[in-house]
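In terms of mature numbering (1 follows the signal peptide of the UniProt record, and there is no 0), the sequence shown is residues -24 to -1, 1 to 225.
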Amino acid sequence: MKLRLLVAVGAVAGFLFLSPRASAELITLQLDHTVPSTVSVNLGGTPISNVAPGPFSWSDKNDPPNSSFSSPIATFCIELTGTITVGGTYVFGVYAPEDAPTIGSADKANAIRALYGNFYNSAWTNPSFKGDNESKAFQLALWELVHETDATKTVSSGNFQTTSTAATRANEMLNGLAGGLDKYNNSDYELVALIAPAPGAKDQTPGQDQLAVRPKSVPAPPAALLAGIGGMIFMGCSRLKRRLTPSTT
């Protein structure tokens, strides 16, 4: 009995620690609309005209819907080379920002989290929102943090530049990141990168990488897992004790 109990506990532990990780989370989204205004930017010396800034409004087309996200879903773009079309459906892989190829580092991801912590406005998720100078400046500041190679972060010079009317406000945001990471960490949402095409997905339609916010998930504490294994051991030991106790009848 004791040997069987140890084997059973070992099997459970082995399954938990050696079982393969689940594949990346996927979400299928349809682009409903973008804001009507556009901006012109310069990336690495190449002018890019009539770029739609965020927020982009999406519908969840998962069946069933992805419960990790709350509708409506709004995103901001982090990739200037891809294209997406209103009415188009795209399968995105869901990743931590630092794992997005366009971002690629924890320092850059934390600067972006600080931008969200200080300046992100949840009202931008409203599907009826048509964009304003603040949301446009936020998008420009985000592109600067993603694409700038200079140590100084300003949309007025460097690898990423713009002469948009929102440039002044974007620079104010870039100069006002202090304390934003703490605000983000204490918020009730988390920032995720949406990558398309999603590695491993059947649908490999090219898209444009985005950032989205969603409610923070609450992981089960490790103590719960240990308590479950402990309970198994206790029950097994109790059964063993009862079997070994001589009968008095």
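Ideal Cβ positions, reconstructed from N, Cα and C, are used throughout, including at glycine.
Please report how far the alpha carbon of residue i lies from the alpha carbon of residue j, in whole angstroms.
i, j, result
"Arg190", "Asn109", "24 Å"
"Ala154", "Leu91", "9 Å"
"Ala(-1)", "Gly80", "17 Å"
"Lys84", "Ala28", "23 Å"
"Cys53", "Val122", "10 Å"
"Pro77", "Leu157", "21 Å"
"Asp36", "Ala117", "27 Å"
"Asn97", "Ala143", "18 Å"
Sort the options by Cα distance to residue i and report the nearest one.
i, options, result
"Val70", "Ser193, Ala188, Gln184, Leu170", "Leu170"
"Lys112", "Asn135, Ala82, Asn26, Asn38", "Asn26"
"Leu2", "Pro173, Lys192, Gln184", "Pro173"
"Gly63", "Thr78, Asp8, Val17", "Asp8"
"Ala72", "Lys129, Leu167, Glu55", "Leu167"
"Asn38", "Ala50, Val15, Leu19, Thr4", "Thr4"
"Val131", "Gln6, Val17, Lys192", "Val17"
"Gly152", "Ala127, Ser44, Gly21, Gly93", "Gly93"
"Ser47", "Gln6, Leu56, Pro23, Asp75", "Gln6"
Three-state secondary structure (DSSP) at residue i?
i, result
"Asp39", "coil"
"Tyr165", "strand"
"Asn26", "strand"
"Ser44", "coil"
"Leu201", "Low confidence applies to Leu201: its pLDDT is 45, below 50, so where it sits in the model is not reliable enough to give any reading."
"Asn18", "strand"
"Asp8", "strand"
"Ala72", "coil"
Just to confirm, is the Cβ distance from residue i to residue j under 9 Å?
i, j, result
"Ala146", "Phe114", "yes"
"Met149", "Phe95", "yes"
In terms of residue numbering, what span does the alpha helix (DSSP H) encompassing residue i cover?
i, result
"Gly134", "Run containing Gly134: none; DSSP gives neither H nor E here."
"Leu121", "109 to 123"
"Ile88", "82 to 95"
Starting from residue i, trace the beta strand (DSSP E) both ways and give me its first and last residue.
i, result
"Asn151", "Per DSSP, Asn151 belongs to no beta strand (DSSP E) and is neither H nor E."
"Ala50", "49 to 53"
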